[in-house]
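There are 2 protein chains.
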Amino acid sequence: MKKNAFYAQSGGVTSVINASACGVIEAARKHKDKINKVYAGRNGILGALIEDMTDTSRETSKTIAQLLHTPGGVFGSARFKLQDLRKNKDEYHRLIQVFKKHNIGYFFYNGGGDSMDTAHKVSLIGKKVGFPIVCIGIPKTVDNDLPFTDTCPGFGSAAKYIAVSTKEAGLDVASMAKTSTKVFILEVMGRHAGWLAAAGGLANETRKKAPQIILFPEIPFDKKEFLKEVNKSVKNNGYCVIVVSEGAKNKKGKFLAEIGTTDAFGHSQLGGVAINIADIIKNNLGYKYHYAIADYLQRSARHISSKTDVEQAYQVGKKAVELALEGRNSVMPTIIRKNDSPYKWTTGYIELNKVANKERMMPRKFISTDGFHITAACRRYMVPLINGEDYPPYKNGIPITAKLKNIPVDRMLKEKFMIK
Amino acid sequence: MKKNAFYAQSGGVTSVINASACGVIEAARKHKDKINKVYAGRNGILGALIEDMTDTSRETSKTIAQLLHTPGGVFGSARFKLQDLRKNKDEYHRLIQVFKKHNIGYFFYNGGGDSMDTAHKVSLIGKKVGFPIVCIGIPKTVDNDLPFTDTCPGFGSAAKYIAVSTKEAGLDVASMAKTSTKVFILEVMGRHAGWLAAAGGLANETRKKAPQIILFPEIPFDKKEFLKEVNKSVKNNGYCVIVVSEGAKNKKGKFLAEIGTTDAFGHSQLGGVAINIADIIKNNLGYKYHYAIADYLQRSARHISSKTDVEQAYQVGKKAVELALEGRNSVMPTIIRKNDSPYKWTTGYIELNKVANKERMMPRKFISTDGFHITAACRRYMVPLINGEDYPPYKNGIPITAKLKNIPVDRMLKEKFMIK
Numbered sequence: 292m293k294k295n296a297f298y299a300q301s302g303g304v305t306s307v308i309n310a311s312a313c314g315v316i317e318a319a320r321k322h323k324d325k326i327n328k329v330y331a332g333r334n335g336i337l338g339a340l341i342e343d344m345t346d347t348s349r350e351t352s353k354t355i356a357q358l359l360h361t362p363g364g365v366f367g368s369a370r371f372k373l374q375d376l377r378k379n380k381d382e383y384h385r386l387i388q389v390f391k392k393h394n395i396g397y398f399f400y401n402g403g404g405d406s407m408d409t410a411h412k413v414s415l416i417g418k419k420v421g422f423p424i425v426c427i428g429i430p431k432t433v434d435n436d437l438p439f440t441d442t443c444p445g446f447g448s449a450a451k452y453i454a455v456s457t458k459e460a461g462l463d464v465a466s467m468a469k470t471s472t473k474v475f476i477l478e479v480m481g482r483h484a485g486w487l488a489a490a491g492g493l494a495n496e497t498r499k500k501a502p503q504i505i506l507f508p509e510i511p512f513d514k515k516e517f518l519k520e521v522n523k524s525v526k527n528n529g530y531c532v533i534v535v536s537e538g539a540k541n542k543k544g545k546f547l548a549e550i551g552t553t554d555a556f557g558h559s560q561l562g563g564v565a566i567n568i569a570d571i572i573k574n575n576l577g578y579k580y581h582y583a584i585a586d587y588l589q590r591s592a593r594h595i596s597s598k599t600d601v602e603q604a605y606q607v608g609k610k611a612v613e614l615a616l617e618g619r620n621s622v623m624p625t626i627i628r629k630n631d632s633p634y635k636w637t638t639g640y641i642e643l644n645k646v647a648n649k650e651r652m653m654p655r656k657f658i659s660t661d662g663f664h665i666t667a668a669c670r671r672y673m674v675p676l677i678n679g680e681d682y683p684p685y686k687n688g689i690p691i692t693a694k695l696k697n698i699p700v701d702r703m704l705k706e707k708f709m710i711k
Numbered sequence: 292m293k294k295n296a297f298y299a300q301s302g303g304v305t306s307v308i309n310a311s312a313c314g315v316i317e318a319a320r321k322h323k324d325k326i327n328k329v330y331a332g333r334n335g336i337l338g339a340l341i342e343d344m345t346d347t348s349r350e351t352s353k354t355i356a357q358l359l360h361t362p363g364g365v366f367g368s369a370r371f372k373l374q375d376l377r378k379n380k381d382e383y384h385r386l387i388q389v390f391k392k393h394n395i396g397y398f399f400y401n402g403g404g405d406s407m408d409t410a411h412k413v414s415l416i417g418k419k420v421g422f423p424i425v426c427i428g429i430p431k432t433v434d435n436d437l438p439f440t441d442t443c444p445g446f447g448s449a450a451k452y453i454a455v456s457t458k459e460a461g462l463d464v465a466s467m468a469k470t471s472t473k474v475f476i477l478e479v480m481g482r483h484a485g486w487l488a489a490a491g492g493l494a495n496e497t498r499k500k501a502p503q504i505i506l507f508p509e510i511p512f513d514k515k516e517f518l519k520e521v522n523k524s525v526k527n528n529g530y531c532v533i534v535v536s537e538g539a540k541n542k543k544g545k546f547l548a549e550i551g552t553t554d555a556f557g558h559s560q561l562g563g564v565a566i567n568i569a570d571i572i573k574n575n576l577g578y579k580y581h582y583a584i585a586d587y588l589q590r591s592a593r594h595i596s597s598k599t600d601v602e603q604a605y606q607v608g609k610k611a612v613e614l615a616l617e618g619r620n621s622v623m624p625t626i627i628r629k630n631d632s633p634y635k636w637t638t639g640y641i642e643l644n645k646v647a648n649k650e651r652m653m654p655r656k657f658i659s660t661d662g663f664h665i666t667a668a669c670r671r672y673m674v675p676l677i678n679g680e681d682y683p684p685y686k687n688g689i690p691i692t693a694k695l696k697n698i699p700v701d702r703m704l705k706e707k708f709m710i711k
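Written out as structure tokens, the structure is:
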């Protein structure tokens, strides 16, 4: 009997995670001889644990194709990490139980490092209890921190958003600087690594234009050097644009976002690193400033996604199905770079146990010697990833996105599972 | 002898103010029999006062055409208001003196309400001293607060950015809400009127989707009602997206952005209204939240400008030249709406003394009865303004923008002018 497949989305979503879903579902539909239906977990792995799944075979091919240009996670994602195998086997056994009941033979899990770990553990427990389940992790993260792949789908589009926004805001500040705002600060994501902050550096080819300064998590914040650099830019260029990572830290390793301030009621201040940087500039240099905090906008901005990224997100989804059908188990599709310029790439794969719980940090050689900008090597790596535009269709000025029927799969287990 | 023209940009810039510059320069170039050269003031009116101008006739037609897709103000803008005529005639006399020396017979001033007032005063002083100068104001402001025109160039594009971003971030939060972020707050511009906040309401056609709540400057903030509404949305939809105007106020008329907090050193907190709203939600409902502050990104986002807006910005520039050549003086081109759907419009004009220093507030009938959303009338008005896309060209993943030679006009006055 043909097996069904389970697909779920995990962790912070991106503007192209649904493009990977599209790749999985379209590839599975082309192999109906081997894969019966693709069930989607609602809210990630929770959907399997509490048997809350929707049947994607009930969606039209048009709807599935629209996933290519729909940001967010259409099936719902979850920030939920399965516990360690040795500590809590219940969760894993429940997954196997659900998979058995629904005749699921393929487990596709679309997420970051934690998710690769989960997919790996599911394959282990499958072997152990003698239930054949093919587990494929599908890479996704704007943080670009998965190893063994040239890049992670989601990163290129967020990077493009940041680069484009930095260029645009830079032109704005440059024109205001004579009589008004002289410093502009853009706060971007990247708690552990400076990949996204580095993307700001692609806005222009020279430090005479925005951004003049990038603050990376990798480089301990040196207030004196920083202020000197800000002042230099205002004196030489008339203004200064700063891209700061939410993960920027001081020399003691403390996040700049957490430094300093409590409000009148003694609450710790909620503002982030951009506000603290603004405060430092105001108190020491007195320049008029503005700041923007991109937050979710950067990772959901499908309207400015990179064409490379959309294509790669789709291809890793498709490849996941192909790997499964080739009989690979416990692997993750990867992007392999063949050439920088013109960018050439293909897909490959890597074993999940090698990927799981490993972070790829940004190489020091991608950051300039003074620590405030990116290098030519970084540009060479990153430009191809933000290259090309892939615009969604619009109606009445607003992007059209997929509207799924989300028809539930009938529940078959009597016992309810309590999430701890 | 043919006269030259002076063109300058004033106040906060937009993603399409250079499209108006393009309209002025291209129209002037088509009437070389009447207009010799267009000189651009560097940094707005300061350029005239201190005789700091560039000669746009030295730019290629290709460069001028690229202004159509270049955000910011390419000649530099200024936040600088001429003093009252009766208080300080020096500034006005200096302008006339510069115009005389450079044979300038046309004054095109591209800005908001203050700038229309300035253009009007220049025409008055011209008459008084017997120097013939044709003064035309060209409307520009993302705030959409100029009267007598259907809309102000700059607004439609910022509105589109906000509507699109709200839709995209809404899909992101919706997918995270089960286990993580339940409330997302987007702070937008609009110190005095809620036009930009209202644009967030275009993201979706129903309040079941983002944004569920809009906080307008026009509606005094009612904490209890607000919290009730947030809670209702989280219960019914699983999440809540809030678009808040930087101009939102409490019942006493105080900006929410300024309420409450000073830091550990007694400085007033720099964070804005989004942070205070987040704080209220955290302390009263405890939901996990995220917030974004769009700031300059919303007004410089040429990559997602509305086609209607780009076209209107160009046309008011062109019309300004045509009005001048028809012998009109002290007027501003306007947009006249002929039909809502399909949107039909044409250009007209209004006397500057009627426009100067007047603000157009958002009608109460554009805000829903409960004060938390927009009405069908608001949609009818606003949808055409965000309609259509007008993408810039890209290279290496980044938008291409105009690079001007900015060749200075030789100074001809001996006396330097001291700005007070």
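Respectively, the protein sequence lines represent chains A and B.
Using our numbering, the letters of the first sequence correspond one by one to residues 292 to 711.
Using our numbering, the letters of the second sequence correspond one by one to residues 292 to 711.
Each residue gets a CB set at the ideal place from its N, CA and C atoms; glycine is no exception.
Considering only the beta carbon of each residue, do residue 406(B) and residue 400(B) sit closer than 8 Å? The answer is yes: Cβ separation under 8 Å.
For residue 678(A), go through chain B and note every residue whose CB falls closer than 7 Å to its CB, in chain order. Result: 687 and 688.
CA nearest to the CA of residue 628(B), picked from 490(B), 615(B), 599(B) and 647(B): From the listed residues 490(B), 615(B), 599(B) and 647(B), the smallest Cα separation to residue 628(B) is found for 599(B).
Determine the contact status of residue 501(A) and residue 460(A), defining contact as a CB-CB distance below 8 Å. It is a contact, given that the beta carbons lie within the stated cut-off.
In the stretch 303-361 of chain A, which residue ranges form an unbroken beta strand (DSSP E) of at least 3 residues, counting only runs that do not cross its ends? Secondary structure within the stretch 303-361 of chain A: the beta strand (DSSP E) runs of 3 or more consecutive residues, fully enclosed, are 326-332 and 344-346 (chain order).
Residue 536(A) (DSSP reduced to helix, strand or coil): Of the three classes helix, strand and coil, the one that applies to residue 536(A) here is strand, per DSSP.
Since residue 493(B) contacts residue 677(B) with CB under 8 Å, what's their CB separation in whole angstroms? Residue 493(B) to residue 677(B), Cβ: 6 Å. Contact.
Less than 8 Å between the beta carbons of residue 470(A) and residue 369(B), yes or no? The Cβ atoms of residue 470(A) and residue 369(B) lie closer than 8 Å to each other.
Nearest-angstrom Cα distance between residue 455(B) and residue 685(A)? So the two alpha carbons sit approximately 10 Å from each other.
I'd like to know if the stretch 310-326 of chain A and the stretch 409-424 of chain A are in contact, where contact means that at least 3 CB-CB pairs between them fall below 8 Å. Inter-segment contact for the stretch 310-326 of chain A and the stretch 409-424 of chain A is absent: fewer than three beta-carbon pairs are separated by less than 8 Å.
Using a 10 Å radius around the Cβ and a threshold of 16 neighbouring Cβ atoms, would you call residue 691(B) buried or exposed? It is exposed - the Cβ of residue 691(B) has fewer than 16 other Cβ atoms within 10 Å.
CA-CA distance, residue 540(A) and residue 524(B)? Rounded to whole angstroms, residue 540(A) to residue 524(B) spans 36 Å at the Cα level.
Would you call the CB atoms of residue 389(B) and residue 309(B) closer than 8 Å? Taking C-beta atoms as the reference points, residue 389(B) and residue 309(B) fail to come closer than 8 Å.
State the DSSP-derived secondary structure class of residue 297(B), mapped to helix, strand or coil. In the structure shown, residue 297(B) sits in a strand (DSSP, three-state: E or B).
What's the C-alpha gap between residue 341(A) and residue 499(A)? The C-alpha of residue 341(A) lies about 55 Å from the C-alpha of residue 499(A).
Using a Cβ-Cβ cutoff of less than 8 Å, which residues in the same chain neighbour residue 573(B) once the five nearest sequence positions on both sides are dropped? Excluding the 5 residues flanking it on each side, residue 573(B) has same chain C-beta neighbours closer than 8 Å at 580, in chain order.
Endpoints, alpha helix (DSSP H) assigned at residue 706(A): Counting along the chain, residue 706(A) sits inside no alpha helix (DSSP H), nor does DSSP assign it H or E at all.
Given a limit of 8 Å on CB to CB distance, which residues of the stretch 585-600 of chain A reach chain B? Close to chain B, meaning a Cβ-Cβ distance shorter than 8 Å, are the following residues of the stretch 585-600 of chain A: 585, 586, 587, 588, 590, 591, 592, 593, 594, 595 and 597.
Just verifying my parser: in three-state terms, what is the DSSP assignment at residue 658(A)? Residue 658(A) sits in a strand when the DSSP states are folded into three classes.
Reduced DSSP secondary structure (H/G/I, E/B, other) of residue 672(A): Three-state result, residue 672(A): helix.
Anything in chain A within Cβ reach of residue 581(B), meaning under 8 Å, just list it in chain order. Residues of chain A with a Cβ closer than 8 Å to the Cβ of residue 581(B) are, in chain order, 586 and 587.
Helix, strand or coil: which one does DSSP assign to residue 435(B)? DSSP places residue 435(B) in coil when its eight states are reduced to three.
Show which residues of chain B have a CB atom less than 7 Å away from the CB atom of residue 362(A). Residue 362(A) reaches chain B at 459, 462 and 463, counting residues in chain order whose Cβ is nearer than 7 Å.
Chain-ordered residues of the stretch 434-460 of chain B with a beta carbon less than 7 Å from chain A: Within the stretch 434-460 of chain B, the qualifying residues are 451, 454, 455, 456, 458, 459 and 460.
Just to confirm, are residue 697(A) and residue 408(A) a CB contact at a threshold of 8 Å? No, the pair does not count as a contact, with Cβ atoms beyond the cut-off.
Unbroken beta strand (DSSP E) runs of length 3 or more, entirely within the stretch 427-480 of chain B: which are they? Within the stretch 427-480 of chain B, the complete beta strand (DSSP E) runs of at least 3 residues are 474-479.
Under a CB-based cut-off of 8 Å, is residue 481(B) close to chain A? Answer no: the Cβ-Cβ gap between residue 481(B) and chain A never drops below 8 Å.
Rounded straight-line distance, which links the Cα of residue 710(B) to that of residue 586(A): Rounded to the nearest whole angstrom, the C-alpha separation of residue 586(A) and residue 710(B) is 41 Å.
Is the beta carbon of residue 458(A) sitting closer than 8 Å to the one on residue 597(A)? With respect to the 8 Å criterion, residue 458(A) and residue 597(A) are not classified as neighbours on the basis of their beta carbons.
What's the gap between the Cα of residue 322(A) and the Cα of residue 298(A)? In a straight line, the C-alpha of residue 322(A) is about 16 Å away from that of residue 298(A).
Taking the beta strand (DSSP E) that residue 402(A) falls in, what are its first and last residues? DSSP places residue 402(A) inside the beta strand (DSSP E), whose first and last residues are 395-402.
Chain-ordered neighbours of residue 702(A) on chain B, where CB pairs are closer than 8 Å: Near residue 702(A) there are no residues of chain B at all, since even the closest Cβ is about 18 Å away, more than 8 Å.
Any beta-carbon of chain A closer than 8 Å to the one on residue 344(B)? With 8 Å as the cut-off, residue 344(B) does not count as an interface residue toward chain A.
Less than 8 Å between the CB atoms is what I'm expecting for residue 363(A) and residue 301(A), so what's the real figure, rounded? At roughly 14 Å, the Cβ-Cβ gap does not stay under 8 Å, so residue 363(A) and residue 301(A) are not in contact.
Just mark residue 374(B) as buried or exposed, buried being the case when its beta carbon has 16 or more other beta carbons within 10 Å. Residue 374(B) is exposed by the Cβ-count criterion.
Leaving aside the five residues before and after residue 531(B) along the sequence, list all residues of the same chain whose C-beta is less than 6 Å from its C-beta, in chain order. Hits under 6 Å: 474, 503, 521, 524 and 525.
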